[in-house]
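What follows is a set of notes on a single structure, which appears directly below.
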Amino acid sequence: MSAQGAFHRLLSFFAHRSPHPNTSTITFMDSLRGDLSIGLNFPVAVFLATIRHLVFRNTGFWSMTIYVPTVRTSRKLLGGPSACRALDESKRYGCAELISLAKREGIVAQLDAVGLWMLAAEKDGKVKGEEVRLFQKGEIMERIAERRRGMDNVLPFWRGGPLIASAHSWAVKKAFGVEVYDGHKRA
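Quick note: UniProt numbering has the sequence shown finishing at residue 187, numbered continuously throughout.
Dropping the structure here:
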């Protein structure tokens, strides 16, 4: 499994958010739905979808579509699966511990660690070691989206989550068909 394949798998998560899923093409709406499905609030989701499409668009200057197989990158998520040798998959990690694990891989890997922690950390502020490995393989997004479907693990506002989860849940379901934070109570 190549690191490039892992990054493409991470991108393809967004391609599956379409009403007509396509594993190779990501529209702006697919990106937005993907960001909303992992629990992000609307302004943060729009910002990230816009940045993603400005950075990775490869189908024309005015196009906001990404064709995943032709995205050129040598990017390795958290330094790639061979990195973070001290990672114990049975342990839980806080943000500082993840940054420390990624320190040898450089600043980009450390930024990956912060991003992973912000999205994947549970209520106790910890990320499972097995989820760090899933991130490195590009397979974490579905797990995060599944976690965010219920109200028992609402992403805090300061990490990009909604201010009022029940209102957010209702609005994104009505406007985008995204099921997130079902149950309509604040955790």
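We put the beta carbon where it would ideally sit given N, CA and C, even for glycine.
In this structure, phenylalanine 14 keeps its C-beta atom at 7 Å or more from the C-beta atom of glycine 39. Listed in chain order, the beta strand (DSSP E) runs fully inside the stretch 34-74 amount to none, counting runs of at least 3 residues. For phenylalanine 135, the uninterrupted alpha helix (DSSP H) segment begins and ends at 129-137.
In the structure shown, aspartate 182 adopts extended strand secondary structure according to DSSP, grouped into three states. In its chain, beyond the 5 residues on either side, Phe28 and Met64 have a beta carbon closer than 6 Å to the beta carbon of histidine 53. For threonine 59, same chain residues with a beta-carbon under 8 Å away, outside a window of 5 residues either side, are Thr65, Ile66 and Tyr67 in chain order. The count of Cβ pairs closer than 8 Å, one atom from the stretch 147-155 and one from the stretch 106-117, stays below three, leaving the stretches out of contact. From the listed residues Arg75, Ser74, Ala120 and Ser82, the smallest Cα separation to cysteine 95 is found for Ala120.
The alpha carbon of glutamate 89 has as its nearest neighbour, out of Ser24, Ala45 and Glu131, the alpha carbon of Glu131. Secondary structure of isoleucine 164 (DSSP, three-state): coil. If you draw a straight line from the Cα of glutamate 122 to the Cα of lysine 128, it comes to about 9 Å. It is roughly 32 Å from the alpha-carbon of proline 69 to the alpha-carbon of tyrosine 181.
Separation of the CB atoms of leucine 36 and valine 172 is rounded to 5 Å, and the pair is thereby assigned contact status at 8 Å. Spatial neighbours of serine 31 in its own chain (CB-CB distance under 7 Å, excluding positions within 5 residues in sequence) are listed in chain order as Phe14, Ala49, Arg52 and His53. Looking only at Ala6, Phe42 and His8, the smallest Cα-Cα distance to tryptophan 170 is reached by Phe42.
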